[in-house]
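Participant:
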Amino acid sequence: MKKLYIRTFGCQMNEYDSARMADVLGVGEEVVRAERPEDADIILFNTCSVREKAQERVFHDLGRVRLLKREKPELIIGVGGCVASQEGASIVKRAPYVDVVFGPQTLHRLPQLIARRRESGRPQVDVSFPEIEKFDAMPPARVEGASAFVSVMEGCSKYCTYCVVPYTRGEEISRPLDDVLAEISGLVARGVKEVTLLGQNVNAWRGAVGGDEAETGDFALLLECVHEIPALERIRYTTSHPCEMTPRVIDAYARLPKLVSQLHLPVQSGSDRVLAAMKRGYTVLEFKSVVRRLRAVRPDLSLSSDFIVGFPGETEADFDKTMALIDEIGFDGAFSFAYSARPGTPAADYDDPVGADTKLAWLAGLQQRIDAQAQALSQAMVGTVQRILVEGVAKKNVDELCGRTDNNRVVNFPAPSPHRERLIGQFVDVTISAALPHSLRGEIVVRAF
Ligand code: SAH
Ligand code: SF4
Ligand code: F3S
Numbered sequence: 001m002k003k004l005y006i007r008t009f010g011c012q013m014n015e016y017d018s019a020r021m022a023d024v025l026g027v028g029e030e031v032v033r034a035e036r037p038e039d040a041d042i043i044l045f046n047t048c049s050v051r052e053k054a055q056e057r058v059f060h061d062l063g064r065v066r067l068l069k070r071e072k073p074e075l076i077i078g079v080g081g082c083v084a085s086q087e088g089a090s091i092v093k094r095a096p097y098v099d100v101v102f103g104p105q106t107l108h109r110l111p112q113l114i115a116r117r118r119e120s121g122r123p124q125v126d127v128s129f130p131e132i133e134k135f136d137a138m139p140p141a142r143v144e145g146a147s148a149f150v151s152v153m154e155g156c157s158k159y160c161t162y163c164v165v166p167y168t169r170g171e172e173i174s175r176p177l178d179d180v181l182a183e184i185s186g187l188v189a190r191g192v193k194e195v196t197l198l199g200q201n202v203n204a205w206r207g208a209v210g211g212d213e214a215e216t217g218d219f220a221l222l223l224e225c226v227h228e229i230p231a232l233e234r235i236r237y238t239t240s241h242p243c244e245m246t247p248r249v250i251d252a253y254a255r256l257p258k259l260v261s262q263l264h265l266p267v268q269s270g271s272d273r274v275l276a277a278m279k280r281g282y283t284v285l286e287f288k289s290v291v292r293r294l295r296a297v298r299p300d301l302s303l304s305s306d307f308i309v310g311f312p313g314e315t316e317a318d319f320d321k322t323m324a325l326i327d328e329i330g331f332d333g334a335f336s337f338a339y340s341a342r343p344g345t346p347a348a349d350y351d352d353p354v355g356a357d358t359k360l361a362w363l364a365g366l367q368q369r370i371d372a373q374a375q376a377l378s379q380a381m382v383g384t385v386q387r388i389l390v391e392g393v394a395k396k397n398v399d400e401l402c403g404r405t406d407n408n409r410v411v412n413f414p415a416p417s418p419h420r421e422r423l424i425g426q427f428v429d430v431t432i433s434a435a436l437p438h439s440l441r442g443e444i445v446v447r448a449f
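In this text, residue positions in the sequence shown follow the numbering used here: the first is 1, and each later residue adds one.
1. Under the assumption that residue 58 contacts residue 37 (Cβ atoms under 8 Å), give the Cβ distance between them as a whole number of angstroms.
2. So which of 234, 129, 384, 292 has the shortest CA-CA distance to residue 425?
3. The ligand SAH and residue 306: does the residue's C-beta get closer than 7 Å to at least one heavy atom of that ligand?
4. Quick one: measure Cβ to Cβ for residue 201 and residue 158, integer angstroms, because I've assumed they're closer than 8 Å.
5. Is residue 340 a contact residue of the ligand SAH, with contact defined as CB to any heavy atom under 7 Å?
6. Specify, as a first and last residue, the run of the alpha helix (DSSP H) that residue 123 falls within.
7. Going by Cα to Cα distance, which pick from 63, 229, 324 is closest to residue 189?
8. What number of angstroms, rounded off, separates the C-alpha of residue 144 from the C-alpha of residue 19?
9. According to the neighbour-count rule (16 or more other Cβ atoms, all chains shown, within 10 Å of its Cβ), is residue 368 buried or exposed?
10. So the beta strand (DSSP E) residue 404 belongs to, where does it begin and stop?
11. Grouping DSSP H, G and I as helix and E and B as strand, with all else coil, what is residue 198?
12. Starting from residue 417, trace the alpha helix (DSSP H) in both directions and tell me its first and last residue.
13. Since I believe residue 327 is in contact with residue 303 (beta carbons under 8 Å), could you give me their beta-carbon distance rounded to a whole number of angstroms?
14. If you draw a straight line from the alpha carbon of residue 259 to that of residue 252, how long is it in whole angstroms?
15. Cα separation between residue 432 and residue 410?
16. Based on DSSP bridge pairs, tell me the residues matched to residue 234.
17. Which residues does DSSP pair with residue 441 in a beta bridge?
18. Would residue 1 be called buried (16 or more neighbouring beta carbons within 10 Å of its own) or exposed?
19. Can you confirm whether the stretch 120-135 touches the stretch 95-112 when touching is taken to mean that 3 or more C-beta pairs between the two stretches lie within less than 8 Å?
20. State buried or exposed for residue 211, treating a residue as buried only when at least 16 other CB atoms are found within 10 Å of its CB.
21. Within 10 angstroms of its Cβ, does residue 412 collect 16 or more other Cβ (buried), or is it exposed?
22. Hey, residue 91 and residue 44: beta-carbon distance below 8 Å or not?
23. Look at residue 246 and residue 264 and say whether their C-beta atoms are less than 8 Å apart.
24. With a 10 Å radius around its C-beta and 16 neighbouring C-beta atoms as the bar for buried, classify residue 24 as buried or exposed.
25. Just to confirm, does residue 268 get its C-beta within under 7 Å of one of the non-hydrogen atoms of the ligand SAH?
26. Helix, strand or coil: which one does DSSP assign to residue 454?
27. With which residues is residue 429 paired in a DSSP beta bridge?
28. Ordered along the chain, which non-local residues of its own chain (more than five positions away) have a Cβ less than 8 Å from that of residue 336?
29. Name all residues in chain order for which at least one heavy atom of the ligand SF4 lies closer than 6 Å to the residue's CB.
30. Report the three-state DSSP secondary structure of residue 46 (helix, strand or coil).
31. Less than 7 Å separating the Cβ of residue 284 from some heavy atom of the ligand SAH?
Dropping the structure here:
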């Protein structure tokens with residue numbers, strides 16, 4: 001048995017990919033997961049290059065494991081993910097002790113790459129884009145708990161001017177409908193009750209329908225079909241793009257109760273001028289119209305988003321518009337970032353007069369406003385009954401269980417010991433009794449029959 005240690009950076013696509021790396025190596029190499037890099041025979045870094053800071057971390061961490069290799073020459077060090085995809089062979093040039101470099105689309109070839117490294121004694125680099133082959137070559141995913149992620153599309157064809165993703169992950173490619181449904185049915189048969197459909201622009205899914213490659217369906221069709229799988233109770237998806245929130249997808253919220261009333265819909269900015277410079281493809285009015293129509297069919301819809309502050313040329317007035325949009329919509333959480341120039345993207349050549357201090361001040365202000373909104377929503381949940389999917393024993397108290405609400409909040413609640421184990425992986429109703437900064441507390445609803 002070999003021991004595998006994986007360090008993951010970046011988005012949920014990378015989290016998903018890391019789990020798949022463990023799956024393919026488990027089949028090919030007979031591996032178990034190691035808790036610490038010191039114990040491992042194979043160390044993999046699944047990297048992110050979306051912002052400069054994330055990219056720098058990789059070389060910093062690589063420098064540290066280099067020392068481990070001196071003591072253990074057989075140790076395999078691999079770099080995957082988006083930095084690998086962008087840098088390719090230059091990673092081996094900069095860090096010659098790296099054994100394998102692979103991209104998000106070639107991770108299924110890991111066992112072969114490692115074997116070739118051992119045979120040839122030379123580092124192996126494969127960051128090509130063999131498209132959908134990845135999914136066909138993968139063993140069935142391991143199931144842990146009642147909630148699972150399913151990748152339905154890869155890549156991005158939107159080319160926002162600041163973003164590396166289309167270059168690191170390639171153009172959008174969707175998995176065929178039947179493949180996705182077969183995977184989810186398999187998961188459900190093994191106890192999964194909630195799926196999160198994953199994609200860089202998941203609602204841009206346009207997969208083949210039936211045997212005919214030429215015939216494709218849209219994301220609304222995918223949702224409808226997934227919704228029909230009996231015993232599947234909750235459907236989430238991330239990340240969605242406002243331009244792909246078609247009337248059909250909005251209508252799905254009216255018709256499909258298994259779709260959660262929570263949506264992550266990145267807007268990036270509340271200024272039309274900035275949105276145009278980012279090439280996002282929508283105006284503030286169009287974004288608001290999407291939200292209005294969604295809330296017309298789902299009044300309780302909770303929305304989270306992504307924001308970039310300090311885009312080249314952004315002014316105080318632009319930033320104020322973003323804050324005004326936040327006040328108007330009311331977001332339940334957000335990932336927000338100071339703009340980071342990425343080599344190879346169009347915006348990297350734009351004049352960037354926004355000072356670093358300004359960016360950080362704006363970022364802090366924005367995050368504060370969003371946190372206040374999320375906290376207000378948590379407070380408003382106190383006293384309500386929420387359906388939660390029980391994930392396991394609470395982190396801080398073994399007499400309690402924890403689970404997640406529809407709008408993705410962690411709820412800790414006391415559970416009587418004879419029933420505790422039985423409730424894990426089940427849905428239960430709890431009354432929310434208190435809202436803490438990062439979680440809620442609840443009491444199981446006891447029904448009188
Ligand atoms: N496809 C998704 C987001 C993928 S990247 C979408 O378009 O909504 C995740 C987030 O990282 C983005 O939403 C954006 O807010 C942020 N991001 C991407 N490139 C960035 C950059 N160069 N500087 C700062 N933040 C960036
Ligand atoms: Fe990047 Fe834009 Fe694609 Fe999102 S839609 S991944 S921000 S290029
Ligand atoms: Fe990062 Fe790649 Fe995801 S750049 S955010 S890991 S798609």
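C-beta atoms are modelled at their ideal positions from N, C-alpha and C, and glycine is treated no differently.
Being a predicted model, the structure only gives us computed values, none of them experimental.
Facilitator: For this structure:
1. Not a contact, Cβ separation roughly 14 Å.
2. The shortest CA-to-CA distance from residue 425 to any of 234, 129, 384, 292 is the one to 234.
3. Within 7 Å of the C-beta of residue 306 there is at least one heavy atom belonging to the ligand SAH.
4. 6 Å
5. yes
6. Segment: none, residue 123 is in no alpha helix (DSSP H) and carries neither H nor E.
7. Ranking 63, 229, 324 by Cα distance to residue 189 puts 229 first.
8. CA-to-CA, the gap between residue 144 and residue 19 works out to about 11 Å.
9. exposed
10. 400-404
11. Here residue 198 sits in strand by DSSP.
12. 417-423
13. About 13 Å; that fails the 8 Å criterion.
14. 8 Å
15. 11 Å
16. Partner(s): 194.
17. 412, 434
18. Exposed, since its Cβ has fewer than 16 Cβ neighbours within 10 Å.
19. yes
20. exposed
21. Answer is buried; the Cβ neighbour count reaches 16.
22. no
23. no
24. buried
25. yes
26. As shown, the chain starts at 1 and ends at 449. That puts residue 454 outside it, with no answer to give.
27. 387
28. 306, 307, 308, 309, 363, 366, 367, 370
29. 156, 158, 159, 160, 163, 165, 166, 200, 201, 241
30. strand
31. Residue 284 Cβ: outside cutoff for every heavy atom of the ligand SAH.
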